[in-house]
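Working notes, beginning with the structure itself.
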Amino acid sequence: MSDWRTRLSMRLAARAGAESAALPGARRQWRWALGWLAVGVLLYLVCGYHAGFLRLNAAAALAPDWLWQWLTLFGDERVAFALALLFSWRRPRLFWALVLAALLAILYARGLKPLVDAARPPAVFGADVFNLIGPGHTRHSFPSGHSVTAGVFFGVLAVHARAWGWVWLGCALLVGASRVALGVHWPVDVAFGLAGGGLAALLGSWLAARWPGGATRPLPHLLLVGVAALLAVSLLLDNGGYAAATWPLRLIAVAALFSAVVGYLPVWRGGEVNHEGAKDAK
Numbered sequence: 001m002s003d004w005r006t007r008l009s010m011r012l013a014a015r016a017g018a019e020s021a022a023l024p025g026a027r028r029q030w031r032w033a034l035g036w037l038a039v040g041v042l043l044y045l046v047c048g049y050h051a052g053f054l055r056l057n058a059a060a061a062l063a064p065d066w067l068w069q070w071l072t073l074f075g076d077e078r079v080a081f082a083l084a085l086l087f088s089w090r091r092p093r094l095f096w097a098l099v100l101a102a103l104l105a106i107l108y109a110r111g112l113k114p115l116v117d118a119a120r121p122p123a124v125f126g127a128d129v130f131n132l133i134g135p136g137h138t139r140h141s142f143p144s145g146h147s148v149t150a151g152v153f154f155g156v157l158a159v160h161a162r163a164w165g166w167v168w169l170g171c172a173l174l175v176g177a178s179r180v181a182l183g184v185h186w187p188v189d190v191a192f193g194l195a196g197g198g199l200a201a202l203l204g205s206w207l208a209a210r211w212p213g214g215a216t217r218p219l220p221h222l223l224l225v226g227v228a229a230l231l232a233v234s235l236l237l238d239n240g241g242y243a244a245a246t247w248p249l250r251l252i253a254v255a256a257l258f259s260a261v262v263g264y265l266p267v268w269r270g271g272e273v274n275h276e277g278a279k280d281a282k
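The opening residue of the sequence shown carries number 1 in the UniProt record's numbering; numbering runs sequentially from there.
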């Protein structure tokens, strides 16, 4: 094994070994996901698929448009992977859990969207009936992909947290609410998105705790980091159709890429990482 791979392997093993495999927020996450599943089912059965949209959308219009555009960017898959770079070096187990949960969530969201192919609000209502911010997407409404992503990212953080769990879950809810505020999803979409993302976060964290190989093996780890870095770069070039989110996206991209460079470059250069890794291993 080359020197840099040896150093990286030692460092990842030391970092992963310092992380707890326990999931203190698992029970809370389970209740959260099932709760949103129940909300989605009840809304649909009692009030119909479009339940609550017009009222919530009108209420959200009282807040500035830029706020909802900023909040919704945290449901962008690229942003989630970029933010994961902030954890990849110091918390490889957490990074691995985020990746596994994301893969499960992609299967859930990308599988149901074309299968159900539900119409979005812009395809149902005229422009004078509700408040639309940004692109007026018309298809593949169920479930809300941004809500799924938020449920995954903040859900994994919540599963691994003790005191901050409900704060992270509250962040996921705000991202989901932004999809109704922007006029591109029904509340039912958001409820099922949060539920599916929350369950994916729980299952992904459980799998990562039992099969931690992806957190400590250099080549798979670097491959995943490389994918996350490429997605971070894409944030510099595409704002997803939300002009007000352009600079926040760029700041996230720069912060994520800087974090990755600071963490991984010393390994390649062969600085003091080997010494630190040995110290951590003790």
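Every residue gets a Cβ at the ideal spot worked out from N, C-alpha and C, and that includes glycine. No experiment lies behind these values; they were computed from the predicted model shown.
Rounded C-alpha distance that separates residue i from residue j
i	j	result
Leu23	His221	22 Å
Leu251	Val39	35 Å
Val267	Ser205	27 Å
Leu237	Val46	43 Å
Val254	Leu231	12 Å
Pro135	Gly17	45 Å
Arg91	Asp3	22 Å
Asn131	Ser178	12 Å
Gly263	Leu42	47 Å
Leu203	Gly165	16 Å
Ser233	Leu100	It should be noted that the sequence gives Val, not Ser, for residue 233. Their Cα atoms are separated by approximately 22 Å.
Ala127	Ile133	11 Å
Gly48	Arg28	28 Å
residue 293	Leu37	Any question about residue 293 goes unanswered here, given that the chain covers just 1 to 282.
Ala13	Val225	16 Å
Leu257	Leu199	29 Å
Ala163	Ala26	13 Å
Tyr242	Gly75	13 Å
Cys171	Leu265	32 Å
Arg269	Ala215	21 Å
Trp89	Ala102	18 Å
Ala123	Val129	12 Å
Leu235	Leu98	19 Å
Phe125	Val261	47 Å
7 Å CB neighbourhood of residue i in its chain, flanking five on each side removed
i	result
Val180	Phe53, Leu56, Asn57, Ala60, Pro187 and Val190
Ala245	Gln69, Trp70, Leu73 and Asn239
Val148	Ala105, Tyr108, Ala109, Gly193, Gly196 and Gly197
Pro143	Ala109, Leu112, Asp189, Phe192, Gly193 and Gly196
Trp32	Leu169 and Gly198
Val175	Leu71, Thr72, Phe74, Gly75, His146, Ser147 and Ala150
Trp66	Ala244
Ala201	Gln29, Ala101, Gly151, Val152, Gly155, Val156 and Val159
Gly116	The question names Gly, but residue 116 is Val in the sequence shown. Result list for Val116: Phe142, in chain order.
Proximal residues to residue i (C-beta, below 8 Å), its chain only, five neighbours per side dropped
i	result
Gly213	Pro220
Ala21	Arg93, Ala209 and Pro212
Trp168	Phe154, Gly155, Leu157, Ala158 and Ala161
Leu34	Ala195
Ala51	Leu43, Tyr44, Trp186, Pro187 and Val188
Contacts around residue i, its chain only, beta-carbon distance under 6 Å, and the 5 residues preceding and following it disregarded
i	result
Lys113	His140
His137	Arg120 and Val184
Ala228	Phe81, Ala84 and Leu85
Pro218	Arg5, Leu8 and Ser9
Ala278	Residue placement at Ala278 is flagged as unreliable, the pLDDT there being 38, under the threshold of 50; the coordinate-derived value follows with that caveat. No residues qualify anywhere along the chain.
Phe95	Ala84, Phe87 and Ser88
Ala118	Ser141 and Phe142
Any non-hydrogen atom of the ligand FAD closer than 8 Å to residue i Cβ
i	result
Phe130	In the structure shown, the ligand FAD is absent, as is every other ligand, since no ligand is present at all.
CB contact check: residue i to chain C, cutoff 9 Å
i	result
Leu43	Absent from the structure: chain C. Only one protein chain is present.
| Which parts of the stretch 129-209 are runs of the alpha helix (DSSP H), unbroken and 4 residues or longer, counting only runs that do not cross its ends? | Taken in chain order, the unbroken stretches of alpha helix (DSSP H) that lie wholly in the stretch 129-209 and span 4 residues or more are 145-159 and 165-181.
| What are the complete beta strand (DSSP E) segments, minimum 3 residues, inside the stretch 16-71? | none
| Contained beta strand (DSSP E) runs [length at least 3] in the stretch 232-279, N- to C-terminal order | Assignment of beta strand (DSSP E) within the stretch 232-279, counting only whole runs of 3 or more residues, yields no such run.
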